[in-house]
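Here the protein sequences line up with chains A and B, keeping their order.
What the first sequence shows, in this note's numbering, is residues 277 to 728, in sequence order.
What the second sequence shows, in this note's numbering, is residues 277 to 728, in sequence order.
We put the beta carbon where it would ideally sit given N, CA and C, even for glycine.
Please read the structure below before turning to the comments.
Number of protein chains: 2
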Amino acid sequence: MLTYDLGSKNKYYSLYCCIRDDILRGNLKCGDKLPSKRALAFNLSVSVITVQTAYEQLLAEGYIISRERSGYFVADVQGAMGEGRPAQVPQRKESKNFAADLVSGSPPAELFPFSVWARLMRTVLSDEGEHLLERVPCRGDITLRREISACLYRMRGVSVDPECIVVGAGAEYLYGIIVQLVGRDKLFAVENPGYGKIYSTYSLYGAKCVPVSVRNIGADPVEVERSDAHILHISPSHQFPTGAVMPAANRARIIRWARATNAYIVEDDYDSEFRLVGKPLQSMLGLCPDRVIYINTFSKSLAPSMRMGYMVLPSELCARFLKLFSASANVVPLFEQKALALMIGGGYFERHINRLKNYFRTVRQEVIQAISALPFASRINDTGSGLHMTVRFPDALSDEQIKKIARERGLNVRCLSDYLIAPLSDYEKVAVINYGGLKKGVAENIASLFHK
Amino acid sequence: MLTYDLGSKNKYYSLYCCIRDDILRGNLKCGDKLPSKRALAFNLSVSVITVQTAYEQLLAEGYIISRERSGYFVADVQGAMGEGRPAQVPQRKESKNFAADLVSGSPPAELFPFSVWARLMRTVLSDEGEHLLERVPCRGDITLRREISACLYRMRGVSVDPECIVVGAGAEYLYGIIVQLVGRDKLFAVENPGYGKIYSTYSLYGAKCVPVSVRNIGADPVEVERSDAHILHISPSHQFPTGAVMPAANRARIIRWARATNAYIVEDDYDSEFRLVGKPLQSMLGLCPDRVIYINTFSKSLAPSMRMGYMVLPSELCARFLKLFSASANVVPLFEQKALALMIGGGYFERHINRLKNYFRTVRQEVIQAISALPFASRINDTGSGLHMTVRFPDALSDEQIKKIARERGLNVRCLSDYLIAPLSDYEKVAVINYGGLKKGVAENIASLFHK
C-alpha cells in the first residue's frame, strides 16, 4: 500500500504530488493499479474525499486512467521527463563607474519635478478611480494624444490631428511597429554613422537596412536617391552622433524623392526640445505630413524610466495601424498616460524643458570652455542643437588612444567611428561629447581628458 | 523692403516664420538678397537683435546663406514642398453593444480590489520617491521578479530563478520577443484551432507558422513530431478555444520531441489561475525547464489596462536575451512593477484570484444550468479549467445560424470554426462560451440564445 506523510494542510495536494512524483520517477509503473480510494484513505488516515480529489487531479492531468468497475491505473507516462535542473543563469557584466559619462546621458534625476509628478499621479488616482482599469485603445489615451497634438503645435509649429498620433512604450518599441506597418520586405535606409539602436532594432525585426552616409549637413540626398529604400530614417534637426543639421534645400530634395517613389521618411526628432540656441528647427512633418512618420519620446526629456514615446502617422499608415492593431490594447499603462496628459496640459512639461535647457546651457558653456582652454589642439563642432557636440583632435594618434586616455581619467567617451554601421573614411579622431547626463561643474573633469 | 506685422511677443520667431513662408511659397526666390539687419530692423521697428536671431535661425535651417561682406541670400530651396495637407483620418468602427459578450472576457471591473491597488500605488509613490525615475533593467524590476518566482512556486509548484524571469508589456509583446530570441527563420508550430493573436503576432514579426491540430486532448503529438518546427506554442493546461487538457503522457512525448530536436516549447499558461475544480494542472516548465518558455500575463487576472506579463526563459535563451536587450530599458513602468510586487507580496493578488474563482464558479454553474435546461439538444464540454467551455449543438444547421440567432438576442458568440487557422473537419456546430467577462445573473440571458 502507498504510504506517504502528507503533513497537516492541503493534504489532497500533497498526496497528488507524492503519487505524481512516484509515477514520474518510475516507482509506479504504467498499468499499476492504484489502491481503492477507501483503502488508501484508511491507510493514510485521511478522508476519502482527500484521496478522491487527488485521484481526480491525477486523472485530469493524464497521470492515471480510470477503468469502469476496476479502478484507477497508472497511465503510460514514460519516464523520459528527467529531473528539472535549475536553469543556469548567465553572469551579468559589471559596468564601470565613470566620473563622467559622455556616452549615454539622461538628465540628472534631481532636475525632474518629482513632487509635481507625484501630485499629478495622486490626482489621477483620485479623479479617474476605477476607470484606470479600462482597456486603453490601441493608439493610446485620447486625452494624452490631444495634449501631444497641442504641444506639437506650441513647440514645433505643426498642426496634427490627435487621431493620427500613436502612443507607444518608447522609441525602440515604435521602430518595431513601423517595420510591421510598412513590411519587413521593404528596404530601410539608416544614417551612417548613426544611433545604433535604429539599425539594430530594424534588423532585429527582420528588415533589411542600407546605410546612407551622413556628412556635416546630414544624410546625403544623392545616396538616398540612388538607394532602393522604401523608408528613410533620419534626424534632420540634429543628427546623432555627427550633430549635423540638414539644410532646407536637402529637406525639400528628400521630400521630393519620397513623393516620387512613394517612400516614407521617419523623422526622428529625439532631442529637438533641446535646441539651446534659438527656436527648434522646423520639422519635416509640417512640410509633408503624407510621407513623414514623426517620432519623439519622453524618455529623454522626462526620465529614462518613463518609457513613453509617440509617433504621428500619415493617414495611409494610420489606417493600416488600426487594421493591424485595433484588437490590441495599448501597451503603456493608462495611469502614466493620464498623468503625462496632466503634466503637459498644466504647462509643467514645457516649464521642465525650459529648466533643463537653462541648465544645459550652463553645462554646454562649461564643456566648451574646458575644451577651448586646452593646449591639445581641438576643434569643436556644435550647432547649438540637442545635448551633444563633437570635438576633432587632429593631433591624436587614433580613436583608441583618445578613448584609452579618457578611460584612464574616469571619462566614458566614444568616437564618431564607434557609431559607423558601415566603413566610411574621414571619421577618425573625433570624440562625441554627449553632455545630456552631465551635472553642472563636472566639465572640469572633462578637461583632464585632454591633458596628455 | 520686406514688411510684416510681427505682433507683440516672440517677434524674432514671427519674423523667422514670415520669411521662411515667403521662401517656401516662392515670394522670395533663390539668390534674392535679404535686407541688411539694420535696415530691416528699422523698417519693422524691432531691434537689430531680433532680426539677427531670425536670420540665424533661417541660416541654421538652410533657408538662407551668408556671403562674407555681402550679406544674406535666399538659398536654393525649390518650391516643391507644397502645402501641408491635414492627414485624413480613417473612420473608427463602432462596436455593437451586446447584452452579454461571450467572446472577449475580462473580469468585471468591480471585482478588482481597486482601493487596495490605489493604496499600494500611493505607498509606492511615497516609499520609492525619485527612485521611480530610474531606468528599469531590461528584464524588469528584481523585486517584482522575485515575487513572481515565489508566486509561481505557491500557485504552480515550480521553482524558478528570478534571474530567468523577464517582465513585459503583455503576452503579445512577449510573443514578439520570442521571435527575436529564436529567430524568424525558425518554423513556429501553433495550435489549430487557436487563439488568433498567437498566429497573427508571430506572422507579423515575420516568423513562418504551421498549424498543429488540436483534438480533445490538446495538440496532436504525431503532427508535432512530423513537423519541422523549432518552436511549439501550446496551452497544455487549458487550450483555447477547445478547452482541451493535455494528458501527462502527451506532455512527456512532446518534451521528448523537444529534447531530441533541440526545439523549444512555449507553454502559454494564460488562464491556469482559474482552474475552478481542483488545483491548477502541473506545468510543463516544472518538467523540463531547459526546453520550456513559460508565459503568463496579469492582464487577464487583474485588469485589461494592466499590460503586464512575464516569461520564464531557459538559460540558453536568457543569455541571448541579455545579449540582445541588456542596453534597452524594460518597457513596463517601474511604478506598476513596484505596485504589483507589493500586491503579490502582500497576498492581495492570490486573495483576488480566489475571489474571482469563487465568483466564476457561480457564473459557470449558472451557464451550465441555463444550457442544460434547454429543449435544444446541446452537449457541454467543460473541464473545469479556465473561464470558457464549449457547447456542441448537433441539431443546428450551421455555425452561421448559431451566431445569427445569438446576435439577434444580443449575445456575442463565436464558434470553434472561427478560431481555425487552417481548415479542419469536425469542428462545426460548437459554440465557444467564454464566461470570463460575464456578470452573475447574466446566464439567464444566455438561455435565450438556445430558444429557437
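When secondary structure is reduced to three states using DSSP, Arg296/A falls in the helix class. The DSSP-derived three-state label of Tyr339/B is coil.
Remark: C-beta atoms of Leu334/B and Ile295/B approach each other more closely than 8 Å. For Thr659/B, the C-beta contacts it makes with chain A under 8 Å involve Ala336, in order along the chain. Residues of the segment 563-590 of chain B with a C-beta less than 9 Å from any C-beta of chain A: Leu563, Cys564, Pro565, Asp566, Ser575, Leu578, Ala579, Pro580, Ser581, Met582, Arg583, Met584, Val588, Leu589, Pro590, listed in chain order. Residue environment analysis places His514/A among the buried positions, since at least 16 neighbouring C-beta atoms fall within 10 angstroms of its C-beta.
Between Ala317/A and Val327/A, the beta carbon gap of about 5 Å places them in contact (Cβ cut-off 8 Å).
Closer than 8 Å at the C-beta level to chain B, one finds these residues of the segment 606-622 of chain A: Asn606, Val607, Val608, Pro609, Leu610, Phe611, Glu612. Judged by DSSP secondary structure, Asp544/B falls outside any alpha helix (DSSP H) and instead within the beta strand (DSSP E) spanning 540-544. Of all residues in the segment 449-468 of chain B, the ones placed with a Cβ closer than 8 Å to any Cβ belonging to chain A are Tyr449, Gly452, Gln456, Arg460, in chain order. Around Ala525/B, the beta-carbon contacts reaching into chain A at under 8 Å are Gly338, Ala351, Asp352, Val353, Gln354. The beta carbon of Val486/B sits closer than 7 Å to the beta carbons of Leu463, Ala465, Ser503, Ala505 from its chain, once the five residues preceding and following it are set aside; these are given in chain order.
A check of alpha carbon separations from Glu549/A across Lys633/A, Ser591/A, Val588/A, Phe516/A identifies Lys633/A as the nearest.
Listed by position along chain B, the residues whose Cβ is nearer than 8 Å to that of Glu406/A are Ala385, Glu386, Phe388, Phe390. Under the three-state reduction of DSSP output, His514/B falls in the coil class, being neither helix nor strand. If you check each beta-carbon in the segment 411-431 of chain A against every beta-carbon of chain B, the ones closer than 8 Å belong to Arg411, Val412. The beta carbon of Arg640/B does not come within 8 Å of any beta carbon belonging to chain A, so the residue lies off that interface.
Note: Pro487/B is bridge-paired with Val466/B in the DSSP secondary-structure output. Within the same chain, Ile418, Arg421, Arg422, Ile424, Ser425 come within 8 Å of Pro438/B by CB-CB distance, once the 5 residues on both sides are set aside. Counting only runs of 3 or more residues that sit fully inside the segment 658-713 of chain B, the beta strand (DSSP E) segments are 664-668, 706-710, in chain order.
Asn710/B sits buried, since 16 or more C-beta atoms from the chains shown fall within 10 Å of its C-beta. At a C-beta separation below 8 Å, Ser559/A has no neighbours in chain B, since its nearest C-beta there lies roughly 10 Å away. Ranking Val350/A, Val521/A, Glu344/A, Gly307/A by CA distance to the CA of Tyr292/A puts Val350/A first. Not flagged as an interface residue toward chain A: Met665/B, since no C-beta distance is shorter than 8 Å. Nearest C-alpha to His664/B among Ala520/B, Ala483/B, Arg314/B, Gly446/B: Ala520/B.
With fewer than 16 neighbouring CB atoms inside 10 Å of its own CB, His407/B falls in the exposed class.
For Arg296/B, the closest Cβ of chain A is nearer than 8 Å. Val521, Met522, Pro523, Ala524: these are the residues of the segment 513-524 of chain B whose beta carbon lies less than 8 Å from some beta carbon of chain A, given in chain order. Burial is judged here by how many other beta carbons sit within 10 angstroms of a residue's own beta carbon; Ala539/A has at least 16 and is buried.
Check the Cα spacing between Met582/A and each of Ala653/B, Asp675/B, Val608/B: the tightest is with Val608/B. At a cut-off of 8 Å, the C-beta of Ser604/B has a neighbouring C-beta in chain A. Residue range 624-648 is occupied by the alpha helix (DSSP H) that includes Asn634/B. Contact note: Tyr331/A does not reach chain B at a C-beta cutoff of 8 Å; the least C-beta distance is about 10 Å. For Asp403/B, the secondary structure class from DSSP, reduced to helix, strand or coil, is helix. Ranked by how close their Cα comes to the Cα of Ala495/A, the residues Gly482/A, Thr573/A, Glu467/A have Glu467/A in first place. In the three-state scheme derived from DSSP, where H, G and I count as helix and E and B as strand, Leu409/B is classed as helix.
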